[in-house]
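Q: Right, I'll just put the structure down here and ask away after.
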Amino acid sequence: MSETVVSGIRPTGKLHLGNYFGAVQNFLKFQEAHPCYFFIADYHSLTTHPTPEDLGGSVYRVFAEYLALGLDPEKCTLYLQSDVPEVAELYLFLNMNAYLGELERVSSFKEKVRSQPNNINAGLLTYPVLMAADILIHHGTRVPVGKDQEQHLEMARTFGNRFNRMYNTEYFKEPFAIGSDEGLVKVPGLTGGGKMSKSAGEADNIYLDDEPEVLRKKIMRAVSDSGPAEPGSAKSQPVQNLFDLMALVCKPDVIAHFDETHKNGTIRYGDLKKQLAEDMETFVAPLRSRIQDMLNNKELVTKAAKRGAEKARESAAKTITEVRSMMGFRGF
Ligand code: AMP
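Letter by letter, the sequence shown follows residues 149 to 480 of the numbering used here.
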């Protein structure tokens, strides 16, 4: 059976190395093998109340970056969620059969209630319903999500199945995770903690369009140990992070050399970082240049967004027409 992949992209500004290895590279693989719908989740982002300028700027940027990194508007459907109003209509329909109790039990919602008590809006509560609409509108069967999104995906199955039961049909298929966590690359940040993440701040992130000098300085300031560990001792977390970053961009013999010096207690972290900075620059330079070119090519980006919207609406309009008819909106 052919699988349809659907995935949302948060418009959160510049892409970092974690996004590249953890998301973009998977998308590039999927677009070769499956029908794919990738969308910038701009409706979803309204739960945080961005200004119109911030919203517009971030959406343009992330769309242009994904294009620059190789998403091909002819191979996949890359679009803005808000260009497809059928998604909002399906969201409305699904909301009528989504219950307060089940929505309140969603872990990500409970977490928001704790962390931002002053902005618990209905959009946050019904986030899983909108996500279900995003997927079901294209009959998506595979969704590249991590473990934290598994619960949302389960709800998408619940809402689809509930619709099927109500209208005595097998219309919606069940979507499942693809490549969820295991086997996926986890890119560490530069500040010695866990995953590279925007919330950890500028110093933690390597952005794909960082200028060479910025990139070099960030890496030279990365957290490591103050001196070599005892020969044979295990790597500390910050040092392991640096080795994990090297694994992404350095040659095997370079990594083997620093591994050896770590083992025998002669490692110099300044040398390691210098090498990592050089290899990272070699890796990032072509990506940076493609991103900059694309950001400046508004005509091309606009054309791609228009093409994506057309393709996405074609699929979505078919679904919504069928759904309306099944529900009894049939005109006179
Ligand atoms: P975000 O920018 O946080 O919305 O992340 C978008 C996607 O990028 C996530 O769903 C992950 O697939 C991927 N991603 C983000 N940070 C990392 C990371 N440090 N390592 C690997 N993948 C990541």
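Ideal Cβ placement from N, Cα and C applies to all residues, glycine included.
Since the model is a prediction, treat every value here as computed from it, not as a measurement.
1) By DSSP's criteria, ARG369 is part of a beta bridge. Which residues make up the other side?
2) MET344 to LYS459, Cα distance in whole Å?
3) When you compare only the Cα positions, how much space is there between PHE178 and ARG438?
4) How about the region 241-255 and the region 201-214: do they share at least three Cβ pairs that are nearer than 8 Å?
5) Ignoring anything shorter than 4 residues, give me the alpha helix (DSSP H) runs that lie fully in the region 236-269, in order along the chain.
6) Rounding to the nearest angstrom, what Cα-Cα distance links VAL371 and GLN388 in this structure?
7) My understanding is that ALA457 touches GLU234, with C-beta atoms under 8 Å, so please give their C-beta distance in whole angstroms.
8) Is it buried or exposed for THR317, if we count other Cβ within 10 angstroms and need 16 for buried?
9) Less than 8 Å separating the Cβ of HIS192 from some heavy atom of the ligand AMP?
10) Could you pull the start and end residues of the beta strand (DSSP E) that PHE186 belongs to?
11) Do you know how far the Cα of GLU462 is from the Cα of GLU201?
12) Under 8 Å: does the beta carbon of ALA370 sit that close to some heavy atom of the ligand AMP?
13) Can you name the start and end residues of the beta strand (DSSP E) that SER155 belongs to?
14) Can you grab the Cα-Cα spacing for the pair ALA410 / GLN173, in whole Å?
15) Taking 8 Å as the cut-off, is the C-beta of HIS286 nearer than that to any heavy atom in the ligand AMP?
16) Apart from the five residues on each side of it in sequence, which residues of its chain come closer than 8 Å, Cβ to Cβ, to GLY161?
17) Using only the alpha-carbon positions, how far apart do ARG472 and LYS334 sit?
18) At what residue ranges does the region 279-321 contain a whole run of the alpha helix (DSSP H), taking only runs of 4 or more?
19) Could you check how far apart the C-beta atoms of LEU435 and LEU217 are, in whole angstroms? I think they sit under 8 Å.
A: Straight from the coordinates:
1) DSSP lists no partner for ARG369.
2) One C-alpha to the other measures close to 34 Å.
3) 21 Å
4) no
5) The DSSP assignment places complete alpha helix (DSSP H) segments of no fewer than 4 residues inside the region 236-269 at 248-252, 255-263, in order along the chain.
6) Separation of VAL371 and GLN388 (C-alpha to C-alpha, rounded to the nearest whole angstrom) is 11 Å.
7) ALA457 to GLU234, Cβ: 11 Å. No contact.
8) Around the beta carbon of THR317, a 10 Å sphere encloses fewer than 16 other beta carbons of the protein chains shown; the residue is thus reported as exposed.
9) no
10) 184-188
11) Cα to Cα, GLU201 sits roughly 29 Å from GLU462.
12) no
13) Residue range 153-157 is occupied by the beta strand (DSSP E) that includes SER155.
14) What sits at residue 410 in the sequence shown is His, not Ala. Cα-Cα distance, rounded: 31 Å.
15) no
16) SER206, ARG209, VAL210, LYS346
17) ARG472 and LYS334 have their C-alpha atoms roughly 42 Å apart.
18) DSSP runs (the alpha helix (DSSP H)) wholly in the region 279-321: 298-314.
19) 7 Å
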